[in-house]
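Asker: To start, I am sharing the structure in question, which I have written as structure tokens.
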Amino acid sequence: MVSYAIWRWNHGHLRTSRDRLGACLTSTVSLQESLSCLWLLLLPLLRLSAITTAEPCELDDEDVRCACNFTDPQPDWSSALQCVSALQVEIRGGGRSLEEFLSRVDPEADPRQYLDVIRALRVRRLTLGAARVPAPLLAGALRVLGFSRLKELTLEDLEVTGTAPPGLLGATGPELTTLSLRNVSWASRGTWLAELQQWLKPGLKVLNIAQAHSLAFSCDQVRIFSALTTLDLSDNPALGERGLLSALCPHKFPALQSLALRNAGMQTPAGVCAALASAGVQPSHLDLSHNPLRATANPASSECVWPAKLSSLNLSSAGLKQVPKGLPAKLRVLDLSCNQLNRAPLPEELPTVGNLSLHGNPFLAPGAFEPQEDSENSGVVLACAHSSLAVGMSGTLALLQGARRFA
1 MVSYAIWRWN HGHLRTSRDR LGACLTSTVS LQESLSCLWL LLLPLLRLSA
51 ITTAEPCELD DEDVRCACNF TDPQPDWSSA LQCVSALQVE IRGGGRSLEE
101 FLSRVDPEAD PRQYLDVIRA LRVRRLTLGA ARVPAPLLAG ALRVLGFSRL
151 KELTLEDLEV TGTAPPGLLG ATGPELTTLS LRNVSWASRG TWLAELQQWL
201 KPGLKVLNIA QAHSLAFSCD QVRIFSALTT LDLSDNPALG ERGLLSALCP
251 HKFPALQSLA LRNAGMQTPA GVCAALASAG VQPSHLDLSH NPLRATANPA
301 SSECVWPAKL SSLNLSSAGL KQVPKGLPAK LRVLDLSCNQ LNRAPLPEEL
351 PTVGNLSLHG NPFLAPGAFE PQEDSENSGV VLACAHSSLA VGMSGTLALL
401 QGARRFA
């Protein structure tokens, strides 16, 4: 019955009245209609890149990706019914406030009554954003999605207002592998990460936080990220080394393997090393590219005690004038491209490095660059770009591509 209802929705056989959302919230509906209601209740939280078609939503021919753009003052929410069968759903909510929906949501309602309906959703990757969202509403949506097969969630350009009631904080949300946050502000300030953790099942492996309004976490309230292997704090230029000390809560990331700090306001390798040591993290891959790295005035204080497991280090576009001293003993991969080096590193300076990137430095002839072992799959950009677009790229892609290349 559920599959048949989904088929009908995808082919436009359900009515598209704007009063449908009100009916969902004020009356009893059938099992088939409940899936429509569920999707409509989630819609105002969602965001997507701009759509050029007249219709607010568009589903591709393969039923893989569904894109919506609800910018109309009176949006036709029923257009999103075609997204029910999509694996990737990205919808823009139009920047509107969702406070009006808060009074229509019962926080004590048990979503298990819609268990079969929720599990019928195919969505694996969901993007929500461009709205002012009350925290109880966001928590309620995540609670419902806890019964779905969602694996990747992106929140961007959101303002989360208020705090969730205590009853919702213990609710179990989706079992995500990847969570990405970009330009999300929280009324709860330093406790937002701990609050968000309580809405998700354990097992998160990748966490990306960019353009954050606050990374000064209340570490005593943050739970251990026992499965997290990749942490990306790139594109937070105001973070700096002091901020990194606050963001890397001590002993909360025991499984961390890859750390990206691209364009994150880092100034000295020594400061980064101190923050890593304080947090007790031992990443094998570290991305410090697009940071204005410099040596400290006191040579004794500039020494960096790198993580013992560090084998891949990205120092590209960091303004370096010489090869850093005291590099990790087990370093195998080093990216020094697009710096200000006037000579090639000596073999004794990099005794264990087997894969070295040096293109874009002054000592190389114009247009010349060193050979790459696998240029086709390289995560290194051969042209040195200095635009804000290049600097603002997420560090996760560069980090993971580099790790895959040298594995």
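Those letters in the sequence shown? Residues 1 to 407, by full-length UniProt numbering.
Even glycine gets a Cβ: it sits at the ideal position worked out from N, Cα and C.
The structure presented is a predicted model; accordingly, all values stated were derived computationally and were not measured.
1) On the DSSP bridge list, what partners appear for G129?
2) What distance in whole Å lies between the Cβ atoms of L228 and L261, which are believed to be in contact at a cut-off of 8 Å?
3) Nearest by alpha-carbon distance to L207: which of Y114, L231, A194 and E159 is it?
4) Going by DSSP in three states, Q88 sits in which element: helix, strand or coil?
5) Rounded to a whole number of angstroms, what is the C-alpha to C-alpha distance between V305 and V89?
6) Going by other Cβ atoms of all chains shown within 10 Å of its Cβ, with 16 needed for buried, is G354 buried or exposed?
7) Consult DSSP for S337 and reduce its assignment to one of helix, strand or coil.
8) Between the Cα of F225 and those of A238, G271, P254 and S289, spot the shortest distance and give me the residue it belongs to.
9) Taking 8 Å as the CB-CB limit, is P345 close to chain C?
10) Mind checking which residues open and close the alpha helix (DSSP H) that includes C273?
11) Bridge partners of N314, per DSSP?
12) So R262 is in the beta strand (DSSP E); what residue range does that whole segment cover?
13) List the whole-angstrom C-beta distance separating Q198 from N236, where the pair is believed to meet the contact cut-off of C-beta under 8 Å.
14) Whole angstroms is fine: what's the gap from L293's alpha carbon to L315's?
15) Between the stretch 101-120 and the stretch 66-83, do three or more beta carbon pairs fall short of 8 Å?
16) On the criterion of 16 or more Cβ atoms from any shown chain inside 10 Å, does T127 qualify as buried, or is it exposed?
17) Have a look at L150, P250 and L204 and flag the residue whose alpha-carbon is nearest the alpha-carbon of D220.
18) Can you tell me whether E241 is buried or exposed? The criterion is at least 16 other CB atoms within 10 Å of its CB, across all chains shown.
19) Could you tell me the boundaries of the alpha helix (DSSP H) in which L59 lies?
20) Using 8 Å as the Cβ pair cut-off and three pairs as the minimum, do the stretch 128-139 and the stretch 110-120 touch?
21) When the Cα of A264 is compared with those of G243, L276, D116 and A270, which residue comes out closest?
22) Measure the alpha-carbon distance for S214 versus G203 and round it to whole angstroms.
23) At what residues does the beta strand (DSSP E) containing I209 begin and finish?
24) Can you tell me where the alpha helix (DSSP H) holding W186 begins and where it ends?
25) Looking only at its own chain, which residues have a Cβ that is under 8 Å from the Cβ of Q267, when we skip the five neighbours before and after it?
26) Evaluate E303 with the Cβ neighbour count: other Cβ atoms within 10 Å of its Cβ, from every protein chain shown; 16 or more gives buried, anything less gives exposed.
27) Label G271 either buried or exposed according to how many other C-beta atoms from any shown protein chain fall within 10 Å of its C-beta, with 16 as the threshold for buried.
Answerer: The structure says:
1) E156
2) Between L261 and L228, the beta carbon gap of about 16 Å keeps them out of contact (Cβ cut-off 8 Å).
3) Nearest C-alpha to L207: L231.
4) strand
5) For V305 and V89, the distance between alpha carbons rounds to 44 Å.
6) exposed
7) Reduced to three states, the DSSP call for S337 is coil.
8) P254
9) Absent from the structure: chain C. Only one protein chain is present.
10) P269 to A279
11) D287 and D335
12) Run containing R262: none; DSSP gives neither H nor E here.
13) Going by Cβ atoms, the distance from Q198 to N236 rounds to 23 Å, so no, they are not a contact pair.
14) One C-alpha to the other measures close to 9 Å.
15) no
16) buried
17) P250
18) buried
19) No alpha helix (DSSP H) holds L59; the beta strand (DSSP E) holding it covers C57 to L59.
20) no
21) G243
22) 24 Å
23) V206 to A210
24) Segment T178 to W186 is the beta strand (DSSP E) holding W186; no alpha helix (DSSP H) there.
25) G240, E241, N291, P292, L293 and R294
26) exposed
27) buried
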